[in-house]
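Here the structure is laid out as structure tokens; the discussion comes afterwards.
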Amino acid sequence: MRCDPFGGTPPKRGGYRNGIGHVALDPTPTAEFPTIATSRWSRPRTRRYERENSFALEVVMSDSTYRREKRYHGTLMMGPRSRRAFLGTMAGAFALGAGCGRSGRTGTGRSTATGTAMSTSTSTPTPTATEVCMEPVGCLTLDSPPETWVANAGIYCDMGMALGLTDRLAGIGSPRRFYTGYYEQLPGISLDKRAYPALSRGTRLPKESFYAVDADIHIMDPVWIVNTFGWTEGDVAEIANNVGPFFGNYIREKGDAWHDYRYYTLWEAFEKVATLFDRRERYERLSAVHRDLIETIRSRLPDERPELLLLRPQGVPPQSFFPQYIDDSVSDLQWNVVEIRDALAGSDIPKWGVRIGYEALAELDPDVIVMETQFADDFVLEEESFREYTLGFLRENSVTRDISAVENGRVHAGGINYQGPLISLFQIEQAAKVAYPEEFTEETLFDRQQVARIVSGDRG
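According to my numbering, the sequence shown holds residues 42 to 501 in order.
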């Protein structure tokens with residue numbers, strides 16, 4: 042059987058829930074739902090009878106490998122209508138996609154039952170189901186963690202790394218947006234992202250890539266995919282139904298008009314993913330490291346806070362810059378931890394869609410300049426190269442050489458703004474040193490060996 046949306050065994054009364062409504066299922070056939078003749082399909086077929094405020098359902102599923110058939114009967118109770126119409130169109134796809142595994146797999150894969158609602162054979166015990174909810178998709182109910190997964194970039198890929206799930210990683214949406222260099226500082230931990238296929242093709246994210254990778258679950262925000270890559274609602278529903286469900290929320294930045302649903306913090310999203318893969322213990326241990334790091338830094342912050350200008354440079358050496366206001370989004374979280382002042386606050390520079398030149402930098406005259414990147418291979422991630430190409434250039438330029446940050450040598454590489462829980466530990470540490478170099482003189486502010494043990498699953 043290609044996919045059992047109800048976890049491989051007839052569900053108990055009470056049913057299956059997704060983000061749109063509730064499927065109240067009863068595995069016992071009734072006269073109200075006549076038998077539907079079926080052939081040996083690899084996908085489930087659903088027949089529904091519309092009633093007032095609900096639909097009666099009969100889901101017929103057959104498995105040619107084990108020569109068994111399942112029929113589920115129930116009622117789909119329609120919940121509050123989503124603000125995004127397309128989520129309604131995808132409700133059926135998510136309902137059929139959630140909790141899907143691959144037939145014939147064992148180990149950490151989905152449990153497969155030997156009995157059905159129509160069979161008198163002995164069945165295996167029903168696994169304890171786990172429900173995980175996250176906007177905009179809603180709730181997924183799984184009887185065991187997904188066997189394979191994909192994510193788009195560094196935020197969710199780094200979560201998988203932190204949870205020890207790279208052996209299940211089937212592909213990466215945009216490998217350039219997943220920086221792995223920090224892992225080299227964790228004893229015994231490494232990752233070669235070149236070993237994983239890329240789903241993106243330039244600026245495109247074709248559906249064919251999802252079919253080729255064939256992952257159990259896609260840790261991606263489907264609303265983001267629609268608004269970024271020109272997918273239709275039908276495209277999302279097709280992949281959710283034929284390959285695997287989506288589960289993710291775009292949290293890198295705030296401000297997009299289409300993101301009119303809940304925004305999660307990094308650690309809220311990380312907890313969702315940890316629950317999805319049944320790795321909450323590692324989440325809790327890493328969360329404790331994160332809390333300790335923040336407490337250590339904030340307990341030592343000096344009274345005087347410098348003014349920082351956060352930029353994304355364009356060109357090598359840069360000829361213009363995208364200014365980045367510091368807010369509470371994931372891309373800027375380290376600067377909020379160190380409570381630095383934003384040089385752009387109160388300026389007349391727009392928040393989105395503009396570039397500024399050397400004259401604007403000189404007018405702002407910040408105490409500190411930090412240049413970040415979206416791409417893992419950009420030179421701004423390497424402090425030595427950065428100083429050679431950028432700081433030296435700014436010191437030689439007649440417009441920028443008198444800026445306070447340039448005069449004092451406080452122009453720094455800022456890291457990558459696609460940061461998950463592991464990457465953020467390193468970048469919070471770096472932010473403290475950049476903002477307050479006289480206070481934070483230690484080489485490290487958190488225990489690398491401790492983090493490596495958590496990632497590897499060592500409880501010692």
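Think of the CB as a built atom: it goes at the ideal place given N, C-alpha and C, for glycine as much as any other residue.
Residue range of the alpha helix (DSSP H) that includes residue i
i    : result
A211 : Unbroken run through A211 is the beta strand (DSSP E), 210-213; no alpha helix (DSSP H).
W190 : Here W190 belongs to no alpha helix (DSSP H); instead the beta strand (DSSP E) covers 190-192.
P263 : 263-270
I390 : Taken as a continuous stretch (DSSP letters only), I390 belongs to no alpha helix (DSSP H), as it is neither H nor E.
V378 : 374-378
Residue i - DSSP class collapsed to helix/strand/coil
i    : result
T69  : Its pLDDT being 36, under 50, T69 is placed unreliably by the model, and nothing is read from it.
M202 : helix
S497 : helix
F287 : strand
F219 : coil
L317 : helix
S361 : strand
S80  : At S80 the pLDDT is 27, less than 50, meaning the model places this residue with poor confidence; the figure from the coordinates comes in the next sentence. If DSSP states are grouped into helix, strand and coil, S80 belongs with coil.
R323 : helix
D333 : helix
R341 : coil
R382 : strand
I292 : coil
T207 : helix
S328 : helix
A472 : helix
D276 : helix
F481 : coil
L486 : coil
G522 : A query on residue 522 cannot be resolved here, the shown segment of the chain reaching from 42 to 501 and no further.
Y224 : helix
A298 : coil
Y366 : coil
E93  : Legend: pLDDT at E93 = 35, less than 50; position of this residue unreliable, value from coordinates given subsequently. E93 falls in the coil class under three-state DSSP.
Y197 : helix
Enclosing beta strand (DSSP E) for residue i [first to last residue]
i    : result
P351 : The question names Pro, but residue 351 is Leu in the sequence shown. Segment 348-355, the beta strand (DSSP E) holding L351.
E172 : 171-175
T182 : 179-183
From the options, residue whose alpha carbon lies closest to that of residue i
i    : options                : result
D368 : N290, R353, V378, P407 : V378
R235 : T207, D276, T189, V330 : T207
A192 : S231, T182, A386, D255 : D255
V371 : V409, E483, D199       : D199
D488 : G195, L352, L227, G201 : L227
E413 : A203, L350, L435       : L350
Q355 : A403, A386, F416       : F416
A401 : I444, D373, L374, W376 : I444
D383 : V357, E404, R346, R353 : R346
L204 : G271, D319, F467       : D319
T182 : I258, E348, Y305       : I258
D406 : T273, L374, I381, E448 : E448
I5   : D499, A493, I469       : What is shown of the chain runs 42 to 501, which leaves residue 5 out entirely.
D297 : D333, R321, N268, E348 : N268
Y197 : R293, S231, N283       : R293
E479 : I495, I410, R451, S497 : R451
G498 : S185, N283, F427, M202 : M202
Check: residue i C-beta below 7 Å from any heavy atom of the ligand FAD
i    : result
R500 : Absence of the ligand FAD is noted for the structure shown, with no ligands found whatsoever.
Complete runs of the alpha helix (DSSP H) confined to the region 393-469 [at least 4 residues]: 399-405, 424-427, 433-437, 445-448
Complete runs of the alpha helix (DSSP H) confined to the region 231-262 [at least 4 residues]: 248-254
Inter-stretch contact (C-beta, 8 Å, three-pair minimum) for the region 207-214 and the region 281-289: no
Cβ contact check for the region 215-234 and the region 457-464: 3 or more pairs under 8 Å: Note that the region 215-234 touches the region 457-464; at least 3 beta-carbon pairs, one per stretch, sit closer than 8 Å.
Contact the region 247-264 vs the region 173-187: 3+ CB pairs below 8 Å: yes
The region 353-365 contacting the region 391-405, beta-carbon criterion three pairs below 8 Å: yes
Three CB pairs or more closer than 8 Å across the region 235-246 and the region 439-451: The region 439-451 and the region 235-246 do not touch, with fewer than three beta-carbon pairs separated by less than 8 Å.
Touch test, the region 328-348 against the region 473-484, Cβ-Cβ under 8 Å, three pairs minimum: Yes: at least three Cβ pairs fall under 8 Å.
Three-pair Cβ contact test at 8 Å for the region 382-394 versus the region 423-435: no
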